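Student:
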Amino acid sequence: MPDNPQVVLKITDLVKSFDSTKVLKGINLTVGHREVTVIIGPSGCGKSTLLRCLNGLEPIDSGQIELNGQLITAPGTNWSAIRQKIGMVFQNYELFPHLNVIDNILLGPVKVQGRPRQEAIIDAQSWLDRVGLKDRALSFPRQLSGGQKQRVAIVRALCMSPQIMLFDEVTASLDPEMVREVLDVMLNLAKGGLTMLIVTHEMAFARAVADRIIFMDDGHIVETAQPEAFFNNPETERARRFLNIFQFQELERRRA
Ligand SMILES: Nc1ncnc2c1ncn2[C@@H]1O[C@H](COP(=O)(O)OP(=O)(O)O)[C@@H](O)[C@H]1O
Ligand SMILES: [Mg+2]
Numbered sequence: 055m056p057d058n059p060q061v062v063l064k065i066t067d068l069v070k071s072f073d074s075t076k077v078l079k080g081i082n083l084t085v086g087h088r089e090v091t092v093i094i095g096p097s098g099c100g101k102s103t104l105l106r107c108l109n110g111l112e113p114i115d116s117g118q119i120e121l122n123g124q125l126i127t128a129p130g131t132n133w134s135a136i137r138q139k140i141g142m143v144f145q146n147y148e149l150f151p152h153l154n155v156i157d158n159i160l161l162g163p164v165k166v167q168g169r170p171r172q173e174a175i176i177d178a179q180s181w182l183d184r185v186g187l188k189d190r191a192l193s194f195p196r197q198l199s200g201g202q203k204q205r206v207a208i209v210r211a212l213c214m215s216p217q218i219m220l221f222d223e224v225t226a227s228l229d230p231e232m233v234r235e236v237l238d239v240m241l242n243l244a245k246g247g248l249t250m251l252i253v254t255h256e257m258a259f260a261r262a263v264a265d266r267i268i269f270m271d272d273g274h275i276v277e278t279a280q281p282e283a284f285f286n287n288p289e290t291e292r293a294r295r296f297l298n299i300f301q302f303q304e305l306e307r308r309r310a
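All residue numbers for the sequence shown refer to the numbering used here, where the first residue is 55 and numbers rise by one.
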């Protein structure tokens, strides 16, 4: 469990619709400093929309989001400033194809944050070492595997020194042999005390990395639990059904 009760992210009664369809139906969630929260739930239940609302990629209908005590859903929020404090990594890494790894990473800290280039390079190289990409600083994205690109995307977000990192199914489009290398990086970040909010379909990883599991269905948080309790004995019928279907699909996949 987190050793520091400081609240990094506080979401209160968050409601979000697309046209007349309510997609988030009143989300309440608090993430503590150094806490790793994993969100799971069926496809279409609103997980990506929730993460997108947190850094202003989707306007919300009602509710509040606070980041380290600052109300970021107030009118006139400077989202480009907020996004520097909330790192986000998506399923599809969006590295600039014409820039090498180090220049992709430096865009944020140097161009956006105005940090000295030399200092930012040292920081970037140290992160690249830690994710197993020591010798890749001068490679171009086309020369990297999917797993390597996704690790660069993680480093790029980390180099902004975010207060929290959001991960949305970052291994979903990777070949199976590359999933592990990316999940290992995230496990190490968790051990290092990074505050993270992770959406994943990798159940073994969720169980290993999470301080807390959030189960979402149909725009609601249905269940909040410790990972062992959740996976061994989910409280709600909906979570039980979800986990059963998941185990079945996993068996099918292995048989195929
Ligand atoms: N930009 C959009 N416009 C309209 N509907 C959307 C948009 N984005 C997501 N939705 C809908 O919102 C619901 C939740 O989507 P999403 O947050 O992507 O779910 P999840 O990430 O849990 O699979 C889905 O029904 C989806 O079709
Ligand atoms: Mg999604």
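C-beta atoms are modelled at their ideal positions from N, C-alpha and C, and glycine is treated no differently. Quick caveat, the model's predicted, so the values are computed rather than measured.
1. Out of curiosity, what's the CA-to-CA distance linking E89 and T254?
2. Within 10 Å of its beta-carbon, does T84 have 16 or more other beta-carbons around it, so buried, or fewer, so exposed?
3. In terms of DSSP beta bridges, what is K64 paired with?
4. Going by DSSP, which residues form a beta bridge with D29?
5. Over what stretch of residues does the beta strand (DSSP E) that includes G141 continue unbroken?
6. Is S102 near ligand 1, going by C-beta to nearest heavy atom under 8 Å?
7. Which full runs of the beta strand (DSSP E) of 3+ residues lie inside the segment 190-243, going along the chain?
8. Could you tell me how far apart the beta carbons of L248 and M219 are, in whole angstroms, since I believe they sit closer than 8 Å?
9. Drop a sphere of 10 angstroms on the beta-carbon of R106, count the other beta-carbons inside from all chains shown, and report buried for 16 or more, exposed for fewer.
10. With which residues is A135 paired in a DSSP beta bridge?
11. Assign A207 to buried or exposed, taking buried as 16 or more other Cβ atoms, counted over all protein chains shown, within 10 Å of its Cβ.
12. Taking I252 and I93 to be in contact with their CB atoms under 8 Å, please state how far apart those CB atoms are, rounded to whole angstroms.
13. Answer yes or no: do Q145 and D67 have a C-beta to C-beta separation smaller than 9 Å?
14. Would you decide whether S97 is buried or exposed? Buried here means 16 or more other CB atoms lie within 10 Å of its CB.
15. Is the closest heavy atom of ligand 1 to the C-beta of T75 under 8 Å?
16. Would you list the residues sitting across from D271 in a DSSP beta bridge?
17. Tell me whether D272 counts as near ligand 2, meaning its Cβ is closer than 8 Å to at least one heavy atom of that ligand.
Tutor: On the basis of the data shown:
1. The sequence position of residue 89 within the sequence shown is 35, counting from 1. The sequence position of residue 254 within the sequence shown is 200, counting from 1. So the alpha carbons of these two residues sit roughly 16 Å apart.
2. Taking the first residue of the sequence shown as position 1, residue 84 is located at position 30. Exposed, because fewer than 16 other Cβ atoms sit within 10 Å of the Cβ of T84.
3. Your numbering for residue 64 matches position 10 in the sequence shown. Answer by DSSP bridge pairing, in chain order: T84, E120.
4. Nothing about residue 29 can be reported from this structure: the residues present for the chain run from 55 to 310 only.
5. Mapped onto the sequence shown, residue 141 falls at position 87. Its beta strand (DSSP E) spans residues 140-143.
6. Position 48 of the sequence shown, counting from 1, holds the residue named residue 102. Because some heavy atom of ligand 1 lies under 8 Å away, the Cβ of S102 counts as near it: yes.
7. 218-222
8. Taking the first residue of the sequence shown as 1, we reach residue 248 at position 194. Taking the first residue of the sequence shown as 1, we reach residue 219 at position 165. About 6 Å; that satisfies the 8 Å criterion.
9. Here residue 106 refers to the residue found at position 52 of the sequence shown. Buried, by the Cβ-count rule.
10. As a position in the sequence shown, residue 135 is number 81, starting the count at 1. Paired residues: none, contrary to the question.
11. Reading the sequence shown from its first residue, position 153 is the one you call residue 207. Buried.
12. The sequence position of residue 252 within the sequence shown is 198, counting from 1. The sequence position of residue 93 within the sequence shown is 39, counting from 1. Their Cβ separation, rounded to whole angstroms, is 7 Å, which keeps I252 and I93 in contact under 8 Å.
13. Counting from one through the sequence shown, the residue named residue 145 turns up at place 91. Counting from one through the sequence shown, the residue named residue 67 turns up at place 13. No.
14. In the sequence shown, counting from the first residue as 1, residue 97 sits at position 43. It counts as exposed.
15. Counting from 1 along the sequence shown, the entry for residue 75 is found at position 21. Flag set: Cβ of T75 near ligand 1.
16. Mapped onto the sequence shown, residue 271 falls at position 217. BP columns for D271 point to H274.
17. The residue given as residue 272 occupies position 218 in the sequence shown. It does not: the Cβ of D272 is nowhere closer than 8 Å to a heavy atom of ligand 2.
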